[in-house]
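Chains as they are written, first to last, in this note's numbering: chain C, 404 to 659; chain B, 118 to 335. Even glycine gets a Cβ: it sits at the ideal position worked out from N, Cα and C. All values reported here derive from a predicted model rather than from experimental measurement. In what follows, a structure is listed as structure tokens, so that the remarks can point back to it.
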Amino acid sequence: MKHARIRFEGEVHQVQVEAHNAVRLADGRLLAESQVEWLPPATGSMFALGLNYADHAAELAFKPPTEPLAFIKSPGTYTGHNQTTWRPDNVAYMHYECELVAVIGKQARNVKRENALDYLAGYTVCNDYAIRDYLENYYRPNLRVKNRDATTPVGPWIVDVADVPDPSNLKLRTWINGELRQEGSTSDMIFDIPYLIEYLSSFMTLQPGDMIATGTPEGLADVVPGDEVIVEVEGVGRLVNRIVSEAEFFSARKEA
Amino acid sequence: MSRALHDLANGTLFGVALNYQGLLNQRIAEFEQAPYQKPPVKPVLFIKTPNTRNGHDGVVLHPHGERLQPGPALGVVIGKSSSRVSVENALEHVAGYTIVNEFSLPEDSYYRPAVKAKCRDGFCALGPELVPRDQIANPHQLDLKLFVNGELRQQNSTANFVRNIPRLIAEISEFMTLHEGDVLITGTPEGRVDVQPGDTVEVEISGLGRLVNHIVAE
Numbered sequence: 404m405k406h407a408r409i410r411f412e413g414e415v416h417q418v419q420v421e422a423h424n425a426v427r428l429a430d431g432r433l434l435a436e437s438q439v440e441w442l443p444p445a446t447g448s449m450f451a452l453g454l455n456y457a458d459h460a461a462e463l464a465f466k467p468p469t470e471p472l473a474f475i476k477s478p479g480t481y482t483g484h485n486q487t488t489w490r491p492d493n494v495a496y497m498h499y500e501c502e503l504v505a506v507i508g509k510q511a512r513n514v515k516r517e518n519a520l521d522y523l524a525g526y527t528v529c530n531d532y533a534i535r536d537y538l539e540n541y542y543r544p545n546l547r548v549k550n551r552d553a554t555t556p557v558g559p560w561i562v563d564v565a566d567v568p569d570p571s572n573l574k575l576r577t578w579i580n581g582e583l584r585q586e587g588s589t590s591d592m593i594f595d596i597p598y599l600i601e602y603l604s605s606f607m608t609l610q611p612g613d614m615i616a617t618g619t620p621e622g623l624a625d626v627v628p629g630d631e632v633i634v635e636v637e638g639v640g641r642l643v644n645r646i647v648s649e650a651e652f653f654s655a656r657k658e659a
Numbered sequence: 118m119s120r121a122l123h124d125l126a127n128g129t130l131f132g133v134a135l136n137y138q139g140l141l142n143q144r145i146a147e148f149e150q151a152p153y154q155k156p157p158v159k160p161v162l163f164i165k166t167p168n169t170r171n172g173h174d175g176v177v178l179h180p181h182g183e184r185l186q187p188g189p190a191l192g193v194v195i196g197k198s199s200s201r202v203s204v205e206n207a208l209e210h211v212a213g214y215t216i217v218n219e220f221s222l223p224e225d226s227y228y229r230p231a232v233k234a235k236c237r238d239g240f241c242a243l244g245p246e247l248v249p250r251d252q253i254a255n256p257h258q259l260d261l262k263l264f265v266n267g268e269l270r271q272q273n274s275t276a277n278f279v280r281n282i283p284r285l286i287a288e289i290s291e292f293m294t295l296h297e298g299d300v301l302i303t304g305t306p307e308g309r310v311d312v313q314p315g316d317t318v319e320v321e322i323s324g325l326g327r328l329v330n331h332i333v334a335e
């Protein structure tokens, strides 16, 4: 089963997703995918992994890490399915990152990897955009690169754990304007989801709604205003986003 | 934590590292070298996750086998949504101030995000109360003192910020909105000290009161 958060006629609803991405409201109404505003399906903290695919680490000229490299995102950077993300003016390189996301379902502290999946609400997808021009070597990757307004599309929905029998063997793909640009498999992850839950919960309590974005494989490319960027994790979801200019984003926000 | 503070300061906790001139200057030679290559250009930011929230008189657990250090800091509570705010208008977006004790394991390196050092349960105490903005004549002229078991161990002044509050709000809100209820932790000065189980840790900031926490073995 797929669970989403949407806004319709000014109200936020928890919905179930049915055939053709139609959503079923609690009162029984069925709405088409294009009729609703898709919101991020979870709103806790996001623990995002850097360099968690060996090929991607090599692409960035890094040695694979021996301990997970996790950085934190806050809810202001999330946006939903079918929304827009802005490319700042005067930057040279903004790239997407297609990632499988594990969503925490109950408080997790000192969880062993054998039991880790019991703590999940399910899986979703994110596009962990980065503006590489703004990288600095302090708490790298820094917030100006990774925690910008509306620059982390998440969704479209959460899929139940039982509906993804093998999360360590899923194809990840990114298309720009219909052209396949990134392709990999979660089988190449360095630290898998059970390991990451054990690692993080060994020193802190993970909360329901927290998310673990598990990193991206190689195959990055620049995106520019006008591009439609789709990231897909096989069996989990296909998340659509459109790049707009800084001026377009902020003028639309002013009108809203 | 007082009711008003608890109700208002319920957003994201954003920390600023290296925001005291003394701390930055101590390490500036190191920051010219690898892996840093050059000193920071923009504010060095981190996030304290919601599980780190703690209050006045709260217990902070000392992790087994680690060193624990308090981080006395002035907390700025955002009063209204701030996106692309100018330096001139920045303080209009501030609801008030509180004391923050931003606990951390020691930071030998600033190269990678300090999740393991800073995001443990209860590692961000706020309180004792929210003092409205207008009650503080000059937030850049406040004495900050850390007491451990009544003994003064660390002392500085917000006059020594690298970036003052309007500048922090302007530079941060250029790329991410500061929302009502978010808290900006304006930095911990140089000279962090170790604390041990059994210690009582107090942070005092002029005009804001005293924030008390108790260290207990995990």
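Cβ pair residue i, residue j closer than 8 Å
i, j, result
"E637 (chain C)", "L573 (chain C)", "yes"
"P187 (chain B)", "L261 (chain B)", "no"
"I579 (chain C)", "L599 (chain C)", "no"
"L122 (chain B)", "I195 (chain B)", "no"
"F201 (chain B)", "D311 (chain B)", "It should be pointed out that residue 201 (chain B) corresponds to Arg in this sequence rather than to Phe. No."
"V318 (chain B)", "G192 (chain B)", "no"
"C501 (chain C)", "V639 (chain C)", "no"
"T446 (chain C)", "G612 (chain C)", "yes"
"A451 (chain C)", "W560 (chain C)", "no"
"S125 (chain B)", "G298 (chain B)", "The sequence shown places Leu at residue 125 (chain B), rather than the Ser named in the question. Cβ atoms of L125 (chain B) and G298 (chain B): closer than 8 Å."
"P160 (chain B)", "I289 (chain B)", "yes"
"R551 (chain C)", "T482 (chain C)", "no"
"L328 (chain B)", "C241 (chain B)", "no"
"G213 (chain B)", "V248 (chain B)", "yes"
"P556 (chain C)", "F474 (chain C)", "no"
"A234 (chain B)", "A287 (chain B)", "no"
"A553 (chain C)", "Q486 (chain C)", "yes"
"E321 (chain B)", "F278 (chain B)", "no"
"D163 (chain B)", "Y537 (chain C)", "A quick correction: the sequence has Phe, not Asp, at residue 163 (chain B). No, they are not a contact pair."
Range of the contiguous beta strand (DSSP E) that encloses residue i
i, result
"L523 (chain C)", "L523 to N530"
"E319 (chain B)", "T317 to I322"
"L328 (chain B)", "G326 to A334"
"K405 (chain C)", "K405 to F411"
"V639 (chain C)", "Looking at the DSSP string, V639 (chain C) is not in any beta strand (DSSP E), and its letter there is neither H nor E."
"V420 (chain C)", "E414 to V420"
Neighbour flag for residue i against chain B, beta carbons, 8 Å
i, result
"S477 (chain C)", "yes"
"E539 (chain C)", "yes"
"N530 (chain C)", "no"
"F474 (chain C)", "yes"
"D492 (chain C)", "no"
"T608 (chain C)", "yes"
"R551 (chain C)", "yes"
"N545 (chain C)", "yes"
"Y481 (chain C)", "no"
"Y542 (chain C)", "yes"
Limits of the unbroken alpha helix (DSSP H) element including residue i
i, result
"Y598 (chain C)", "I596 to S604"
"K657 (chain C)", "E649 to E658"
"L130 (chain B)", "Taken as a continuous stretch (DSSP letters only), L130 (chain B) belongs to no alpha helix (DSSP H), being part of the beta strand (DSSP E) at L130 to A134."
"R547 (chain C)", "L546 to K549"
Any C-beta of chain C under 8 Å from that of residue i
i, result
"H123 (chain B)", "no"
"R284 (chain B)", "no"
"V333 (chain B)", "no"
"C241 (chain B)", "no"
"N168 (chain B)", "yes"
"P152 (chain B)", "yes"
"H173 (chain B)", "no"
"T303 (chain B)", "no"
"Q233 (chain B)", "A small correction: the amino acid at residue 233 (chain B) is Lys; Gln does not occupy that position in the sequence shown. Taking Cβ atoms only, chain C reaches closer than 8 Å to K233 (chain B), which makes this a yes."
"R184 (chain B)", "no"
"Q228 (chain B)", "In the sequence on display, residue 228 (chain B) carries Tyr and not Gln. By this cut-off, Y228 (chain B) is an interface position."
"K159 (chain B)", "yes"
"F292 (chain B)", "yes"
"H181 (chain B)", "no"
"I253 (chain B)", "no"
"F278 (chain B)", "no"
"I195 (chain B)", "no"
CB-CB length for residue i against residue j, believed under 8 Å
i, j, result
"I302 (chain B)", "E219 (chain B)", "5 Å"
"E335 (chain B)", "H181 (chain B)", "5 Å"
"A533 (chain C)", "H498 (chain C)", "6 Å"
"E149 (chain B)", "K155 (chain B)", "7 Å"
beta-carbon residue i near the ligand GDP non-hydrogen atom, thresh 7 Å
i, result
"E621 (chain C)", "The ligand GDP is not part of the structure shown, which contains no ligands of any sort."
Neighbour flag for residue i against chain A, beta carbons, 8 Å
i, result
"S448 (chain C)", "Note that chain A does not occur in the displayed structure, where the protein chains are C and B."
Quick one: which unbroken alpha helix (DSSP H) runs of 4-plus residues sit fully inside the segment 440 to 511 of chain C? Chain order, please.
-> 457 to 462
Mind listing, in chain order, the continuous alpha helix (DSSP H) runs of no fewer than 4 residues lying wholly within the segment 560 to 631 of chain C?
-> 596 to 604
Going along the chain, which unbroken runs of the beta strand (DSSP E) with 3 or more residues stay wholly within the segment 137 to 201 of chain B?
-> 161 to 165, 170 to 172, 175 to 179 and 189 to 195
Report the residue ranges of all alpha helix (DSSP H) runs contained in full by the segment 211 to 267 of chain B; include only those spanning at least 4 residues, in chain order.
-> 232 to 235
Let me know the alpha helix (DSSP H) ranges lying completely inside the segment 260 to 316 of chain B, each 4 residues or longer, listed in chain order.
-> 282 to 290
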